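A.B. asks: Numbering (UniProt numbering), first residue to last: 1 to 160.
What follows is the structure, given as structure tokens:
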């Protein structure tokens, strides 16, 4: 792991099955979206926007010790590595770091929805829906060119 990853990798190693289990926890019931509010469940207290959701799913520090309730999309990019489309497995993300806090976004990859890998099932926290698991065109609906597949530096292995 690079020095940058080591300095910013705030969580413990996590299995892909744990990431999925944690992501599903915000579906019971769906957590409303907010960039300023927090949600508490058995996994801690996290900001209820897309990057707070991924921070929770990846097991990063919530409140406390991170008063922000997780990392933002730029922080998630710093603790993850760019991967290829063919390497995507459950727990990886599709991440957009371009733009502002109103246009940056991240979604959690769960599994391919088609054999041609043109769509996948993803977990997402968005302003329009709150937390959902939905079918998403690869890499991310209509604004796909700005989304990169990425893997958390402390994911235990490519398998469950």
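Just so it is clear, CB atoms sit at the ideal spot from N, CA and C, and this is done for glycine as well.
Here the structure is a predicted model, which means the values were calculated and not measured.
Which partner residues of residue 132 appear in the DSSP bridge assignment?
C.D. replies: 124
A.B. asks: Would you say the stretch 111–127 touches the stretch 135–153, given that touching needs at least three Cβ pairs under 8 angstroms?
C.D. replies: Touching, yes.
A.B. asks: Check whether the stretch 41–57 and the stretch 100–120 touch, using three or more Cβ-Cβ pairs below 8 angstroms as the test.
C.D. replies: yes
A.B. asks: Per DSSP, residue 40 is paired with what?
C.D. replies: 45
A.B. asks: Could you have a look at residue 119 and say whether DSSP puts it in helix, strand or coil?
C.D. replies: It is a strand residue.
A.B. asks: If you draw a straight line from the alpha carbon of residue 30 to that of residue 128, how long is it in whole angstroms?
C.D. replies: 12 angstroms
A.B. asks: Taking the beta carbon of residue 59 as the centre, do at least 16 other beta carbons fall within 10 Å, making it buried, or is it exposed?
C.D. replies: buried
A.B. asks: What separation, rounded to the nearest whole angstrom, lies between the Cα atoms of residue 42 and residue 113?
C.D. replies: 29 angstroms
A.B. asks: Check the DSSP bridge columns for residue 138 and list the partner residues they point to.
C.D. replies: Note: residue 138 sits in no beta bridge, so no partner.
A.B. asks: Who pairs with residue 82 in a beta bridge, going by DSSP?
C.D. replies: Residue 82 is bridged by DSSP to 150.
A.B. asks: Using C-beta distances below 7 angstroms, list every residue in its chain close to residue 74, excluding the 5 sequence neighbours before and after it, in chain order.
C.D. replies: Here residue 74 has 97 as same chain residues with Cβ atoms under 7 angstroms from its own Cβ, once five neighbours each way along the sequence are excluded.
A.B. asks: Use the C-beta contact count for residue 101: other C-beta atoms within 10 angstroms, 16 or more gives buried, fewer gives exposed.
C.D. replies: exposed
A.B. asks: If we ignore side chains and look at the alpha-carbon of each, how far apart do residue 64 and residue 34 end up?
C.D. replies: 19 angstroms
A.B. asks: On the DSSP letters alone, give me the boundaries of the alpha helix (DSSP H) that residue 21 sits inside.
C.D. replies: 16–25
A.B. asks: Whole angstroms are fine: how far does the CA of residue 78 sit from the CA of residue 26?
C.D. replies: 24 angstroms
A.B. asks: Could you give the C-beta distance for residue 91 and residue 155, rounded to a whole number, given that I count them as a contact under 8 angstroms?
C.D. replies: 6 angstroms
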